[in-house]
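Single-structure report; data block below.
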Amino acid sequence: MRSVTLFTAQFGDIPLEILAAKAREWGFDGLELGGHLDIHRASTDQTYCQEILSLLAKNNLKLFALSAHLVGQAVCDHIDERRHRPILPVHVWGDGNPEGVKQRAAEEVIAAARAARNLGIKIVNGFTGSSIWHLLYGFPPIHPEQINEGYEDFAKRWKPILDEYQKCDVQFALEVHPGEIAFDIVSAERALAALDYHPAFGFNFDPSHLGYQGVNYIEFLRRFKTRIFHVHMKDVDFDWNCPCEAGVFGGHTSFGDPRRFFNFRSLGRGKIDFEKIIRTLNQIDYQGPLSVEWEDGDMDREMGAQESLQFVRRLDFKRGSQQFDAAFSKQSC
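Be aware that the sequence shown starts at 14, since it is given in my numbering, and climbs by one per residue.
Given below as structure tokens:
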């Protein structure tokens, strides 16, 4: 069976020592660290890395992946102090000069690869940002060259980062998500092409961000089966048959607002078909962890983490051997 891990970003206010003990008590196999690791320090300090690993081992947990979501966002975004300064480390923000912020963010994403290597893991999940997200809707008219320039900017900034990942034998898994250079199947294909299909670049599959857009998340798994480096288990509620007040991208409302078309939900309480996902993961031979990214504004998070773990355990199953198919084919009907 696949390992089930907890993404720690939603528990960032709980010290790692306490959270690790809780995760052990709840029954998780390990963690995906988001916000509980000093990436810059871990990239150079092997003693610090060993302290992290020892803390997890004391709680019978393993480390499976790191998060570089927030710092990765600044690599390609148009930098805005109100949006980016609160999510970036002080040394990345620096003097706030936009190009300087982007360059320091790129250096920090590279540091995450070195941290992963020092911690003995192979996956860094994250965002890329996008210089063209604001051009999502095609009016006022958008010239195709503007979109081309966006992907060229992405490639220019990310190819050198990915080269460093390859040197570290670490893979970067983009969480396909609104606001990123890839947010659906078409844009994901274009991102891969822009990078000349760099071997260090793939995807952190999160069905919640595809489902409410109307994107076929099962086809995403099939289309990019060799590029699925990591999986987030995250649910979302939406109803195509129920009119709402705020559309697919939220209408400038806050998460949790009942007027929205979608809101994230504890696993099993939304509309994502996880049965189909598990079967497709088996078909594409994904053997990596299933990382619970828990989010539900109406529920206690500790209760939610536990029920989500139980949901994944109950749902996941090993793919059967082909012996049954071979035996069945010999039977006469």
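Ideal Cβ positions, reconstructed from N, Cα and C, are used throughout, including at glycine.
By a C-beta neighbour count over all protein chains shown, 10 Å radius and 16 as the cutoff for buried, is G224 buried or exposed? For the purposes of this step, residue 224 is taken as the residue at position 211 of the sequence shown. The residue in question, G224, is buried, as its Cβ has 16 or more Cβ neighbours within 10 Å.
Tell me whether T293 counts as near the ligand FMN, meaning its Cβ is closer than 8 Å to at least one heavy atom of that ligand. Annotation note on the ligand FMN: not contained in the displayed structure, which lists no ligands.
Cutoff 8 Å; reference A33; Cβ partners in own chain excluding five residues on either side: By 1-based counting over the sequence shown, the position of residue 33 is 20. Within the same chain, A33 has close Cβ partners L44, L68, L69, K71, N72, L74.
Using a Cβ-Cβ cutoff of less than 7 Å, which residues in the same chain neighbour R37 once the five nearest sequence positions on both sides are dropped? As a working note, residue 37 is residue 24 in the sequence shown. Only residues of its own chain outside the window of five on either side were considered, and among them N72, N73, L74 have a CB closer than 7 Å to the CB of R37, listed in chain order.
Could you please give the first and the last residue of the uninterrupted beta strand (DSSP E) stretch that includes N110? One-based indexing of the sequence shown puts residue 110 at position 97. Membership of N110 in any beta strand (DSSP E) is not indicated, and neither H nor E is assigned to it by DSSP.
Proximity below 9 Å, CB of F20 to CB of G47: For the purposes of this step, residue 20 is identified with residue 7 of the sequence shown, where counting begins at 1. For the purposes of this step, residue 47 is identified with residue 34 of the sequence shown, where counting begins at 1. If you check the CB distance, F20 and G47 come in under 9 Å.
Mind the definition here: the segment 119-133 touches the segment 164-176 only if three or more C-beta pairs lie below 8 Å; say whether that holds. Verdict: yes, contact present.
Just checking, does the segment 272-289 make contact with the segment 208-224 on the three C-beta pairs under 8 Å criterion? In short, these stretches touch, since the Cβ pair count reaches three.
Option in F140, S321, A318, K331 with minimal Cα separation from G215: Along the sequence shown, one-based indexing puts residue 215 at 202. The option with the nearest alpha carbon to G215 is F140.
Taking only three categories from DSSP, how would you classify R15? Taking the sequence shown and counting its residues from 1, one reaches residue 15 at position 2. In this structure, R15 counts as coil in the three-state DSSP scheme.
Are at least three pairs of beta-carbons, each pair with one atom in the segment 234-254 and one in the segment 293-300, less than 8 Å apart? Short answer: they touch.
May I ask you to list the residues that DSSP assigns as paired with R278? As a position in the sequence shown, residue 278 is number 265, starting the count at 1. Answer is D248, bridged to R278.
Please return the same chain residues whose Cβ sits closer than 7 Å to the Cβ of A126, not counting the five positions on each side in sequence. One-based indexing of the sequence shown puts residue 126 at position 113. If we look at A126 and ignore the five residues flanking it on each side, its Cβ neighbours are V137, E177, Y178, C181, V183.
I'd like the list of long-range same chain contacts for W307, defined as Cβ closer than 8 Å, with 5 residues on each side in sequence excluded. Reading the sequence shown from its first residue, position 294 is the one you call residue 307. Listed in chain order, the non-local C-beta contacts of W307 below 8 Å within the same chain comprise L19, F20, Q23, K247, S279, L280, R314, G317, A318, S321, local neighbours out to five positions each way being set aside.
Label K135 either buried or exposed according to how many other C-beta atoms from any shown protein chain fall within 10 Å of its C-beta, with 16 as the threshold for buried. Counting from 1 along the sequence shown, the entry for residue 135 is found at position 122. Result: buried.
So, with DSSP's three-state summary, where would you put G317? The residue labelled residue 317 in the question sits at position 304 within the sequence shown. Judged by DSSP in its simplified three-state form, G317 adopts helix.
For G260, name the three-state secondary structure that DSSP assigns. Along the sequence shown, one-based indexing puts residue 260 at 247. Coil at G260, not helix or strand.
Residue closest to S200, alpha-carbon to alpha-carbon, out of P220, V228, A213, P212: Here the question's residue 200 lines up with position 187 in the sequence shown. Ranking the options by Cα distance to S200, first place goes to V228.
So, with DSSP's three-state summary, where would you put L175? Translated into positions along the sequence shown, residue 175 becomes position 162. The answer is helix: DSSP assigns L175 an H, G or I state.
Taking the straight line between their C-alpha atoms, what separation do you get for E258 and I290? The residue you call residue 258 lines up with position 245 of the sequence shown. The residue you call residue 290 lines up with position 277 of the sequence shown. About 30 Å.
Tell me where the beta strand (DSSP E) around Q184 begins and ends. To locate residue 184, count along the sequence shown from 1; it is residue 171. For Q184, the uninterrupted beta strand (DSSP E) segment begins and ends at 184-188.
Using a Cβ-Cβ cut-off of 8 Å (strictly less than) and excluding sequence neighbours within five positions of Q59, which residues of its own chain qualify? Residue 59 sits at position 46 when you count from the first residue of the sequence shown. Cβ neighbours of Q59 within its own chain (closer than 8 Å, five residues either side excluded): N131.
Suppose you measure from the CA of A207 to the CA of G163; what does that come to, to the nearest Å? By 1-based counting over the sequence shown, the position of residue 207 is 194. By 1-based counting over the sequence shown, the position of residue 163 is 150. If I take the Cα positions, the gap works out to 10 Å.
How many angstroms separate the CA atom of P271 from the CA atom of L50? Numbered from 1 along the sequence shown, position 258 holds the residue referred to as residue 271. Numbered from 1 along the sequence shown, position 37 holds the residue referred to as residue 50. Approximately 34 Å between the Cα atoms of the pair.
Restricting to runs no shorter than 4 residues, where is the alpha helix (DSSP H) found entirely within the segment 72-105? If we require 4 residues or more, the alpha helix (DSSP H) runs fully inside the segment 72-105 come out as 82-89, 94-97.
Under the assumption that R170 contacts V88 (Cβ atoms under 8 Å), give the Cβ distance between them as a whole number of angstroms. Position 157 of the sequence shown, counted from the start, is the residue given in the question as residue 170. Position 75 of the sequence shown, counted from the start, is the residue given in the question as residue 88. Confirmed, Cβ separation roughly 5 Å.
Assuming N254 is part of the alpha helix (DSSP H), what are its boundary residues? Counted from its first residue, the sequence shown places residue 254 at position 241. Looking at the DSSP string, N254 is not in any alpha helix (DSSP H), and its letter there is neither H nor E.
Taking 8 Å as the limit between beta carbons, can you name the residues of its chain near H82, skipping five residues before and five after? As a first step, residue 82 must be located in the sequence shown, where it is residue number 69. Excluding residues within five positions, the ones whose Cβ falls inside 8 Å are A22, G47, N138, G139, F140, E188.
Determine the DSSP secondary structure at E30, reduced to helix, strand or coil. Here the question's residue 30 lines up with position 17 in the sequence shown. E30: helix per DSSP, three-state reduction.
Output needed for V114: all residues of its chain with C-beta closer than 8 Å, excluding positions within five of it in sequence on either side, in chain order. The sequence position of residue 114 within the sequence shown is 101, counting from 1. These residues qualify, in order along the chain: A87, I92, H97, L101, V105, W106, G107.
Range of the contiguous beta strand (DSSP E) that encloses P45: Numbered from 1 along the sequence shown, position 32 holds the residue referred to as residue 45. Inspection of the sequence shows that residue 45 is occupied by Glu rather than by Pro. From DSSP, the beta strand (DSSP E) with E45 extends over 43-46.
Per DSSP, which one or two residues make a beta bridge with N138? Counted from its first residue, the sequence shown places residue 138 at position 125. Bridge partners of N138 according to DSSP: S80, A186.
CA-CA distance, F185 and A129? Position 172 of the sequence shown, counted from the start, is the residue given in the question as residue 185. Position 116 of the sequence shown, counted from the start, is the residue given in the question as residue 129. The alpha-carbon atoms of F185 and A129 are separated by roughly 11 Å.
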